[in-house]
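Numbering (the numbering used here), first residue to last: 179 to 333.
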């Protein structure tokens, strides 16, 4: 099985878990889709490095909110509030992104829920940060640390 075929198996399993339409890589080896109507997800396949880069974008950061910026930096430490990924802010757009590198191949047959569970944890972290990014009173209340969402797969 090729790396691309393995990556497509992963997407197929995620689409089945999410109960959404088919997910497929485009000519640029990426697939993007929305989460919760206000967040974006991008999954990029690097065949050269045999890996997937999963990115979830919870929203735009106010560059003047030093308290929030400090919290994001602290949340990045030891992957505490990033579901095992890393967080960064795009300099041009100001968008916060949670990224995680997944080495391929992944044994989809042996553990079909491994990737969907990892993705769900990232979505949980993104929901936590989305609530922190939104002006007060405009976002759903966060229930605590992103790990509170680790068992959820509902997107």
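Here a beta-carbon is modelled for each residue, glycine too, at the ideal position from N, C-alpha and C. Predicted model, so just to flag it, every value in this text is computed and none were measured.
Taking the CA atoms as reference points, residue 290 sits about 7 angstroms from residue 191. Distance from residue 237 to residue 299 at the Cβ level is roughly 18 angstroms; contact not present, criterion being Cβ atoms closer than 8 angstroms. Just measuring C-alpha positions, the residue of 275, 284 and 282 sitting nearest residue 305 is 275. Along the length of the segment 249–316, whole beta strand (DSSP E) runs at least 3 residues long occupy 264–267 and 273–281, reported in chain order.
For residue 201, the number of other beta carbons within 10 angstroms of its own is at least 16, and it is reported as buried. Around the beta carbon of residue 185, 16 or more other beta carbons lie within 10 angstroms, which makes this residue buried. Looking only at 261, 273, 278 and 268, the smallest Cα-Cα distance to residue 302 is reached by 261.
In this structure residue 219 touches residue 210 by the C-beta definition: roughly 7 angstroms separates them, less than 8 angstroms.
With distances taken between CA atoms, residue 297 lies nearest to 279 out of 251, 279 and 288. Straight through space, the alpha carbons of residue 288 and residue 216 are spaced by roughly 33 angstroms.
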